[in-house]
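In the numbering used here, the protein residues as written are 20 to 432. Glycine residues also receive a C-beta, built at the ideal position from the N, C-alpha and C atoms. Computed from a prediction, not measured in an experiment: that's the story for all the values here. The next block holds one structure in the form of structure tokens; read it before the comments.
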């Protein structure tokens, strides 16, 4: 057992412990909202502060042109060639910044989120600190999900097929799964507990990390809007190949054949935007597809309200799928692929539809079914709202506090 003298607990007059007010250090690779991991920190921090805890956030300087939420910043890894391989093991900027922050802030709890920019080196600083890590998605130290961690450029043609790795992909896969993994195997011993947002993620990670518990993700409930069938399909998320947006665009002509007034709104930004715009032009869908660019989470309500259906066509193993819960909280049925933790959220045919990955025809068929049956569309939307109400942020923060307190109780003063 590791030994640490945590900050003094608040005591009642009779000597019994009150609920502890903790100093929490959240650590993440990105300091702006790029996806679910960052959004989790942004949303839970005010609730933790309201409960009397102190919260500080350490993140890299990536995305300095975007709205940042960090308190401490470390320089990102920006090297190419052989030197970059060293930086996959040791990021001196992250290491020395964290060492300084630990000394100055003296946290009771360290909560790690994404490791890409941090590298395994920072884990060796945490031996004497109660430490939690949430696995929001694939990480390079999770063997069952390593292929999902690689870049599309690492594959010849078929994404996430180990047999289709190119030379750079094979080397990167070997490097992560051997050299870097050795450091992670040692450093991860300093993490007291791992949190998985879905049972799928828990099962995929349990052979590499332990102990690991399942704590379902949450949704900050949005205003419920009565559903109006205006034939608007909505996608919200990063414009990356793993999100399967091209499949949704390919499904659109089939939907338009049945309902010519159908429109598709794509909210988000990313590396595949140019390719998606080109696909839209080739399919002559310029009048039917609208790209909004990146929209702040707080401004998404109007887009959900105008939507009849939300589609999540991911081809990768989504750890959970926060967009699904966001859409459900507004009362919108979701059509999503049967990957990762998504089937844990959607009851097929009850509050949404599950389709096979890489199947544009199935997406179109389910959308046409909903547009054709107004009562079914309304019923699924109403059921979706009821489902979302089970995943409250208040319940999540309460569970998180219990995890923190459980870890602290194992440390000897």
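Here the region 356-373 does not lie against the region 317-326, with fewer than 3 beta-carbon pairs under 8 Å apart. Non-local C-beta neighbours of residue 161 in its own chain, meaning closer than 8 Å and more than five positions away in sequence, comprise 154, 168, 223, 224, 227 and 228, ordered along the chain. In the DSSP secondary-structure assignment, residue 73 is bridged to 42.
For residue 92, the enclosing beta strand (DSSP E) stretches over residues 91-93. Under the DSSP assignment, residue 186 falls outside any beta strand (DSSP E), being part of the alpha helix (DSSP H) whose first and last residues are 186-194.
Along the region 293-349, the beta strand (DSSP E) occurs as fully enclosed runs of 3 or more residues at 308-312 and 328-331, listed in sequence order.
Our two residues, residue 401 and residue 143, have alpha carbons roughly 49 Å apart in a direct line. With fewer than 16 other beta carbons inside 10 angstroms of its own, residue 172 counts as exposed. Burial is judged here by how many other beta carbons sit within 10 angstroms of a residue's own beta carbon; residue 58 has at least 16 and is buried.
For residue 254, the uninterrupted beta strand (DSSP E) run begins and ends at 251-255, by DSSP. Less than 8 Å divides the Cβ of residue 336 from the Cβ of residue 164.
For the options 292, 417, 426 and 425, the alpha carbon positioned closest to that of residue 66 is the one of 417.
Assignment of beta-bridge partners to residue 367 by DSSP yields 371. By the neighbour-count definition (other C-beta atoms within 10 Å, threshold 16), residue 119 is an exposed residue. Membership of residue 213 in the beta strand (DSSP E) is indicated by the continuous run 212-215. Counting every other CB atom within 10 Å of its CB across the protein chains shown gives residue 293 a total below 16, marking it as exposed.
Assignment of beta-bridge partners to residue 220 by DSSP yields no partner.
When only Cα atoms are considered, residue 103 and residue 251 end up about 45 Å apart.
Scanning 325, 282, 234 and 290 for the CA closest to the CA of residue 303 turns up 282. Short of 6 Å from the beta carbon of residue 140, and not among the five residues preceding or following it, lie these beta carbons of its own chain, in chain order: 109 and 114. Contact check for residue 340 against residue 403 fails: the beta carbons are separated by 8 Å or more.
Going by DSSP, residue 201 is part of the alpha helix (DSSP H) stretching over 200-206.
In the three-state DSSP reduction, residue 114 falls in the helix class (H, G or I). Judged by their CB atoms, residue 128 and residue 372 are not nearer to each other than the 8 Å cut-off.
By the CB criterion at 8 Å, residue 308 and residue 328 fall outside the cutoff. In the structure shown, residue 105 adopts helical secondary structure according to DSSP, grouped into three states. Rounded to the nearest angstrom, the gap between the Cα atoms of residue 61 and residue 191 is 32 Å. Secondary structure at residue 152: strand, using DSSP grouped into helix, strand and coil. The DSSP-derived three-state label of residue 47 is coil.
For residue 422, the enclosing alpha helix (DSSP H) starts and ends at 412-427. From the listed residues 383, 345, 247 and 299, the smallest Cα separation to residue 270 is found for 383. Note on geometry: alpha-carbon atoms of residue 426 and residue 130 lie some 12 Å from one another. Distances from the alpha-carbon of residue 360 to those of 311, 221 and 428 put 221 closest. Comparing alpha-carbon positions, the option among 275, 258 and 210 lying closest to residue 147 turns out to be 210. Three or more pairs of CB atoms, one per stretch, sit closer than 8 Å, so the region 376-390 contacts the region 253-272.
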